[in-house]
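Residue numbers (our numbering), protein chains in the order written: chain X, 53 to 207; chain Z, 53 to 207.
Idealized CB from N, CA, C, for every residue including glycine.
Protein chains: 2
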Amino acid sequence: MSATDAVTHVSDASLRKLIGYHMKRAFNVVQVDLVQTLKPFDLRMLTYTTLVLIKDNPGLRQSQLADAMDIERPNLVKIIDELEGRSLIIRDRVPNDRRAYALKPTPQGEILCNKAIKSVEQHEDQLLAGLDESTRSSLITALQLIQKSEPNRTP
Amino acid sequence: MSATDAVTHVSDASLRKLIGYHMKRAFNVVQVDLVQTLKPFDLRMLTYTTLVLIKDNPGLRQSQLADAMDIERPNLVKIIDELEGRSLIIRDRVPNDRRAYALKPTPQGEILCNKAIKSVEQHEDQLLAGLDESTRSSLITALQLIQKSEPNRTP
DNA sequence: TATTGTTATACTCTATAACTATA
DNA sequence: TATAGTTATAGAGTATAACAATA
Numbered sequence: 053m054s055a056t057d058a059v060t061h062v063s064d065a066s067l068r069k070l071i072g073y074h075m076k077r078a079f080n081v082v083q084v085d086l087v088q089t090l091k092p093f094d095l096r097m098l099t100y101t102t103l104v105l106i107k108d109n110p111g112l113r114q115s116q117l118a119d120a121m122d123i124e125r126p127n128l129v130k131i132i133d134e135l136e137g138r139s140l141i142i143r144d145r146v147p148n149d150r151r152a153y154a155l156k157p158t159p160q161g162e163i164l165c166n167k168a169i170k171s172v173e174q175h176e177d178q179l180l181a182g183l184d185e186s187t188r189s190s191l192i193t194a195l196q197l198i199q200k201s202e203p204n205r206t207p
Numbered sequence: 053m054s055a056t057d058a059v060t061h062v063s064d065a066s067l068r069k070l071i072g073y074h075m076k077r078a079f080n081v082v083q084v085d086l087v088q089t090l091k092p093f094d095l096r097m098l099t100y101t102t103l104v105l106i107k108d109n110p111g112l113r114q115s116q117l118a119d120a121m122d123i124e125r126p127n128l129v130k131i132i133d134e135l136e137g138r139s140l141i142i143r144d145r146v147p148n149d150r151r152a153y154a155l156k157p158t159p160q161g162e163i164l165c166n167k168a169i170k171s172v173e174q175h176e177d178q179l180l181a182g183l184d185e186s187t188r189s190s191l192i193t194a195l196q197l198i199q200k201s202e203p204n205r206t207p
């Protein structure tokens, strides 16, 4: 194609080889779906993940939670604030360490969390209707492998 | 586990079923790697993608590019500004339509782009060393399937 | 000294409304 | 009137440095 022709079809051939390209685009679709699914519960992906982890691990410290979620401690503060402000969790005290909080779900937090989990699972099942069971599980396996691989920290 | 025990190991059992959870974490690893790889070229994921698409589709309009990249037109402006300011691309004129620009790579833009593509491919190959060829290709296939699936726009 | 949570800050990516100049 | 590019702006998510209270 000459550079003066009008572009009628955009080629992404050079990008299609890259996992990152496919992952970003696929994740976008999943995330749009997830955001829509969580909207009735007034949750975002981050607040949802936070609530689920606290429900499954009552007594968790904020630093442990940040580690588990792979985000920095300061960024967790306002998320916790939001969930606590809505009385979905509480900042209880850790015995014998007055620096730390023991994060726990409230009864209403647990109820909302369980409803949200159910809805998310249903919607995701619908979203992945085009993928059979073996495709799904090998996808998860591959994603976990990537997660464990050490990124090159040096260029 | 009682709620008063200290949490020693964080369980993410409720999240592990969700594709979005794995995708976000895996994408994070890939992106950290990509950012590091692109640093020597002074490119980010967005500027890299933009440069590659312009190199592969000279004459592209900004609106076409935004469509292809799945971002909003306004968000593309400063990316184009940056690449043009570094003389990697030019905003040429589309014949017969003085509203639109025809985006084209400069010679130095093409050279940098080719070097960057090579480096990105090498680093990604290293990053995915733990995945054999068939796992990689079925991963890409699965990601493309997800990309094509219609997200539920209604909760 | 080191750690927990916090504040302040900044940078990137994203999304929307409204403008201008052209068609 | 519709479209291409732009401006301004606001909201998320992310990252770092520095602080107070506590270990």
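Here the alpha carbons of X/Leu112 and X/Tyr153 stand approximately 8 Å from one another.
Think of a sphere of 7 Å around the beta carbon of X/Arg77: the chain Z residues whose beta carbon falls inside it are Asp122 and Gln199, in chain order. Between the alpha carbons of X/Lys170 and X/Lys156 lies a gap of roughly 20 Å. For the segment 96-113 of chain Z, the residues whose beta carbon sits under 8 Å from a beta carbon of chain X are, in order, Met97, Thr101, Val104, Leu105, Lys107, Asp108, Asn109, Pro110, Gly111, Leu112 and Arg113. In the DSSP annotation of this structure, the continuous segment of the beta strand (DSSP E) that includes Z/Asp144 starts and ends at Ile141 to Arg145. For Z/Lys156, the uninterrupted beta strand (DSSP E) run begins and ends at Tyr153 to Pro157, by DSSP.
Using a Cβ distance threshold of 8 Å, X/Met75 and Z/Ala78 count as a contacting pair. In the three-state scheme derived from DSSP, where H, G and I count as helix and E and B as strand, Z/Leu70 is classed as coil.
Against chain X, the CB of Z/Ala118 has no partner CB under 8 Å away; the residue lies outside that interface.
Counting along the chain, Z/Ser190 sits inside the alpha helix (DSSP H) bounded by residues Glu185 to Lys200. With a beta-carbon spacing of about 15 Å, Z/Leu105 and Z/Leu90 fall beyond the 8 Å limit used to define contacts. Using beta-carbon distances, Z/Gln160 does not count as an interface residue toward chain X, since no partner is under 8 Å. Boundaries of the alpha helix (DSSP H) around Z/Val104: Met97 to Asp108. In the displayed model, Z/Leu180 falls within coil according to three-state DSSP, outside both helix and strand.
For Z/Val129, no Cβ of chain X is located within less than 8 Å of the residue's own Cβ. Cβ atoms of Z/Leu103 and Z/Ile141 come within 8 Å of each other, at about 7 Å.
Beta-bridge analysis with DSSP links X/Leu112 to X/Leu155.
Shown here, X/Ala58 sits in coil according to DSSP, grouped into three states, outside any helix or strand. Shown here, Z/Arg150 sits in coil according to DSSP, grouped into three states, outside any helix or strand. With respect to X/Glu176, X/Lys107 sits apart: the two C-beta atoms are not nearer than 8 Å.
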